[in-house]
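So for the sequence shown, the working numbering puts the first residue at 1006; every next one is plus one. Cβ coordinates follow ideal geometry from the N, Cα and C atoms, glycine included. Given the structure is predicted, the values throughout are model-derived calculations rather than measurements.
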Amino acid sequence: MSKALNGVRILDFTHVQSGPTCTQLLAWLGADVIKVERPGEGDATRGQLRDIPGADSLYFTMLNHNKRSVTINTKKPEGKGVLDDLIRHCDVLVENFAPGALDRMGYTWEHINELNPRMIVASVKGFGPGPYEDCKVYENVAQCAGGSASTTGFDDGPPMVTGAQIGDSGTGLHLALGIVAALFQRTSSGRGQKVLAPMQDAVLNLCRVKLRDQQRLERTHTMHEYPQYPDGKFGEAVPRAGNASGGGQPGAILKCKGWETDPNAYIYFITQAAVWPAVCKVIGEEGWITDDAYATPQARLLHLKPIFRRIEEWTMTKTKFEAMDILNKYDIPCGPILSMKEIAEEPALRATGTIVEVDHPVRGKYLTVGNPIKLSDSATEVTRSPLLGEHTEDVLGQLGYSSEAIAKLRAAGAV
Ligand code: CAO
């Protein structure tokens, strides 16, 4: 079957997480992704958080599927010659080096553009132009600088980062979209362009509802769906909202049967206005359907804490899955708190290819997250990540290098 991005050649100069997420996605969509790594060392994540001595870590393997690996020392003149050829050969160069590193290597936008005017140069950086543009950035820095940490956690606790890698993987997703858009524009312009996705900006984009709330707070000095209402105080900035719903339908995480011993025996419960009578019936509080204190969404906002306490009395009598079964019969929006163990074992996610088992020649079988984006005409087959430099001969051969020329480059330490 053909793939959406068949024919697109990506020079993948990425490392760690943000850039590799982007290029992995492009590979799953059918692009030929050639990952360039330093000879003998490779992407630092190959050796980080290792669970099997001598094997590429899960950190690396789970972010670099469906790619080819070429080793090139781009600081040696001979290595630069190979990189020049790759730039001429490819459509997109993706990188997430520290600010200025690509320029220091000699690959300014002007130089790349001279080598290949159709090339799209796509970058992840921690920050866009401004006071922090020269800073190196990792995931949690972006979560903090992008507004996520100040709005996550409980009101009486410190700012919190989230387990979802919105700074790295979130930015990688943004960059992938920018690349695909630039490729589309190139079909009419004939020209490449620069694509930049700063991590701070990507996190902020994912936190846009909190900037919405900041402006609501400044206008009205209160927000009725936040746990601080009606008894607590609001300050100048959007407070942390605990597990309150981010939208107009109040929600909470409630204990379920077994919570005393199972840290994930909880359910997210939303008291959607449309199903309020059903909620009352399920928990045995039919009187609340007509009681003035509970009958309207507006009235309920004054009593959210006691309402959720009463619903929790009911959820604590059921496992999270029993509660789901009952609540779904009434279309009451809810969701179990699933552990990674439960997710890994979930047959439906296996069936759709979102959880995939992959075989690796050194580490053996492991689980990974496959392509979460499903295209009906471009199926994804997840193939293992490459060993360091596994495809150097193949790729250089494709560029026209003879075996003798490759041997010379090897002797010079350039590949
Ligand atoms: N051959 C020769 N040199 C190479 C090379 C190759 N194939 N590949 C990389 N290098 C060199 C670079 O040229 C750079 O050298 P200089 O510092 O001398 O210019 C050097 O390797 C290191 O690059 P780096 O500064 O990007 O790497 P780092 O480990 O020090 O920093 C990170 C890592 C992630 C903090 C930084 O790259 C960064 O801020 N990136 C942008 C933001 C980002 O993507 N962060 C998310 C990372 S995922 O959590």
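Out of 1287, 1338 and 1098, which one is the CA nearest neighbour of residue 1257?
The residue you call residue 1257 lines up with position 252 of the sequence shown. The option with the nearest alpha carbon to residue 1257 is 1338.
Just checking, does the segment 1264-1279 make contact with the segment 1216-1224 on the three C-beta pairs under 8 Å criterion?
no
May I ask you to check if the CB of residue 1140 is nearer than 8 Å to at least one heavy atom of ligand 3?
No copy of ligand 3 appears in this structure; the ligands present are ligand 1.
Along the chain, where does the alpha helix (DSSP H) containing residue 1313 start, and where does it finish?
To locate residue 1313, count along the sequence shown from 1; it is residue 308. Note, residue 1313: alpha helix (DSSP H), 1309-1320.
Which of helix, strand or coil DSSP assigns to residue 1400:
Taking the first residue of the sequence shown as 1, we reach residue 1400 at position 395. The answer is helix: DSSP assigns residue 1400 an H, G or I state.
Report the residue from 1226, 1388, 1070 and 1360 whose alpha carbon sits nearest the alpha carbon of residue 1017.
Position 12 of the sequence shown holds residue 1017. Ranking the options by Cα distance to residue 1017, first place goes to 1070.
Heavy atom of ligand 1 less than 8 Å from the Cβ of residue 1053, yes or no?
In the sequence shown, counting from the first residue as 1, residue 1053 sits at position 48. Outside the cutoff, so no.
Buried or exposed (CB count within 10 angstroms, at least 16 for buried), residue 1386
Counting from 1 along the sequence shown, the entry for residue 1386 is found at position 381. By the neighbour-count rule (16 or more Cβ atoms within 10 Å), residue 1386 is not buried but exposed.
Which complete alpha helix (DSSP H) runs does the segment 1115-1161 hold, if anything under 4 residues is left out?
As far as the segment 1115-1161 is concerned, its whole alpha helix (DSSP H) runs of at least 4 residues are 1144-1150.
Report yes or no: do the segment 1286-1302 and the segment 1339-1350 share at least 3 C-beta pairs separated by less than 8 Å?
no
Cβ-based neighbour list, residue 1233, same chain, cut-off 7 Å, excluding 5 preceding and 5 following
The residue you call residue 1233 lines up with position 228 of the sequence shown. Within the same chain, residue 1233 has close Cβ partners 1160, 1239 and 1244.
Can you list, in chain order, the residues of its chain whose CB lies under 7 Å from that of residue 1140, leaving out five sequence neighbours each side?
To locate residue 1140, count along the sequence shown from 1; it is residue 135. Within the same chain, residue 1140 has close Cβ partners 1131 and 1132.
Three-state secondary structure assigned by DSSP to residue 1193:
Mapped onto the sequence shown, residue 1193 falls at position 188. Helix.
Give the single residue among 1157, 1073 and 1237 whose Cα lies nearest to the Cα of residue 1403.
Locating residue 1403 in the sequence shown gives position 398, where the first residue counts as 1. Among 1157, 1073 and 1237, the Cα nearest to that of residue 1403 belongs to 1073.
Once DSSP output is grouped into helix, strand and coil, what is the label at residue 968?
Absent from the structure is residue 968, since the part of the chain shown begins at 1006 and ends at 1420.
Reduced DSSP secondary structure (H/G/I, E/B, other) of residue 1415
By one-based count along the sequence shown, residue 1415 stands at place 410. If DSSP states are grouped into helix, strand and coil, residue 1415 belongs with the helices.
Using only alpha-carbon positions, find the residue among 1084, 1194 and 1374 that is nearest to residue 1359.
The residue given as residue 1359 occupies position 354 in the sequence shown. Of the candidates 1084, 1194 and 1374, the one whose C-alpha sits nearest the C-alpha of residue 1359 is 1374.
Tell me the rounded alpha-carbon separation between residue 1356 and residue 1381.
Along the sequence shown, read from residue 1 onward, the residue named residue 1356 stands at position 351. Along the sequence shown, read from residue 1 onward, the residue named residue 1381 stands at position 376. Whole-angstrom Cα-Cα distance: 15 Å.
According to DSSP, residue 1339 sits in a beta bridge with which residue or residues?
The residue you call residue 1339 lines up with position 334 of the sequence shown. Residue 1339 pairs with 1274.
Using C-beta distances below 7 Å, list every residue in its chain close to residue 1227, excluding the 5 sequence neighbours before and after it, in chain order.
Along the sequence shown, one-based indexing puts residue 1227 at 222. Same-chain partners within the cutoff: 1234 and 1239.
Classify residue 1150 as buried or exposed, calling it buried when 16 or more other Cβ atoms lie within 10 Å of its own Cβ.
Within the sequence shown, residue 1150 is the residue found at index 145, counting from 1. Classification for residue 1150: buried.
Cβ atoms of residue 1126 and residue 1098: under 9 Å apart, would you say?
Translated into the one-based positions of the sequence shown, residue 1098 becomes position 93. Translated into the one-based positions of the sequence shown, residue 1126 becomes position 121. Cβ distance < 9 Å, so residue 1098 and residue 1126 count as in contact.
Residue nearest to residue 1011 in terms of C-alpha spacing, selected from 1023, 1026, 1353 and 1034:
For the purposes of this step, residue 1011 is taken as the residue at position 6 of the sequence shown. Ranking the options by Cα distance to residue 1011, first place goes to 1034.
Check whether residue 1211 and residue 1129 have beta carbons under 9 Å apart
The residue you call residue 1211 lines up with position 206 of the sequence shown. The residue you call residue 1129 lines up with position 124 of the sequence shown. No.
Whole angstroms are fine: how far does the CA of residue 1230 sit from the CA of residue 1204?
Locating residue 1204 in the sequence shown gives position 199, where the first residue counts as 1. Locating residue 1230 in the sequence shown gives position 225, where the first residue counts as 1. Looking at the two C-alpha atoms, the distance is approximately 29 Å.
Check whether residue 1054 and residue 1029 have beta carbons under 9 Å apart
For the purposes of this step, residue 1054 is taken as residue 49 along the sequence shown, with counting starting at 1. For the purposes of this step, residue 1029 is taken as residue 24 along the sequence shown, with counting starting at 1. No, the Cβ-Cβ distance between residue 1054 and residue 1029 is not below 9 Å.
With three or more beta-carbon pairs closer than 8 Å as the criterion, would you say the segment 1167-1185 touches the segment 1019-1027?
yes
In angstroms, rounded to a whole number, what distance separates the CA positions of residue 1340 and residue 1156?
Indexing the sequence shown from 1 puts residue 1340 at position 335. Indexing the sequence shown from 1 puts residue 1156 at position 151. C-alpha separation (whole angstroms): 22 Å.
Which partner residues does residue 955 have in the DSSP bridge list?
Past the boundaries of the shown model lies residue 955; the chain is included only from 1006 to 1420, so the question cannot be answered.
Host alpha helix (DSSP H) of residue 1287 (start-end):
Start at 1 with the first residue of the sequence shown, and residue 1287 comes out as number 282. Boundaries of the alpha helix (DSSP H) harbouring residue 1287: 1281-1288, taken from the DSSP string.
Would you mind sorting residue 1096 into buried or exposed? The rule is 16 or more other CB atoms within 10 Å of its CB.
The count along the sequence shown starts at 1 and reaches residue 1096 at position 91. Classification for residue 1096: buried.
For residue 1193, count neighbouring C-beta atoms within 10 Å of its own C-beta (all shown protein chains included) and say buried if the count is 16 or more, exposed if not.
Numbered from 1 along the sequence shown, position 188 holds the residue referred to as residue 1193. Classification for residue 1193: exposed.
Excluding sequence positions up to five away, which residues of its chain have a Cβ less than 8 Å from the Cβ of residue 1062?
On the sequence shown, residue 1062 is found 57 positions in, with the first residue counted as 1. For residue 1062, where only same-chain residues beyond five positions count, the Cβ hits under 8 Å are 1050, 1051, 1052, 1053, 1054, 1055 and 1056.
With a threshold of 8 Å, establish whether the CB of residue 1018 neighbours any heavy atom of ligand 1.
On the sequence shown, position 13 is the one that residue 1018 refers to. The answer is yes for residue 1018.
Which word fits residue 1301, buried or exposed, when buried means at least 16 other C-beta atoms lie within 10 angstroms of its C-beta?
Working through the sequence shown from its first residue, we reach residue 1301 at position 296. With fewer than 16 other Cβ atoms inside 10 Å of its own Cβ, residue 1301 counts as exposed.
With DSSP as the reference, identify every bridge partner of residue 1014, one or two as the case may be.
As a first step, residue 1014 is located in the sequence shown; it is residue number 9 there, counting from the start. For residue 1014, which the question treats as bridged, DSSP gives the partners 1037.
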